[in-house]
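Below, the structure written as structure tokens:
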């Protein structure tokens, strides 16, 4: 609802960020609405180091 005439606010986010936040929220709510999320969604994994590897300077 961010940025709509229904009263939502975008909190200073650009359109790309709003789209990401909206899609992520919708996916999360749908997953929990289906029942225990652990039964039908993969478990999270520790991948921060994989995603944010330091680059050699």
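Numbering (my numbering), first residue to last: 8 to 64.
Using N, Cα and C, we set each Cβ at its ideal position, and we do this for glycine too.
Bear in mind that the values here come from a model prediction, so they are computed numbers and not experimental data.
To the nearest angstrom, report how far apart residue i and residue j are at their CA atoms.
{"i": "residue 18", "j": "residue 26", "result": "13 angstroms"}
{"i": "residue 44", "j": "residue 58", "result": "24 angstroms"}
{"i": "residue 42", "j": "residue 52", "result": "21 angstroms"}
What are the start and end residues of the alpha helix (DSSP H) that includes residue i?
{"i": "residue 56", "result": "55-58"}
{"i": "residue 23", "result": "22-40"}
Report the three-state DSSP secondary structure of residue i (helix, strand or coil).
{"i": "residue 47", "result": "coil"}
Hey, would you say residue i sits closer than 8 angstroms to residue j, going by beta carbons?
{"i": "residue 48", "j": "residue 40", "result": "no"}
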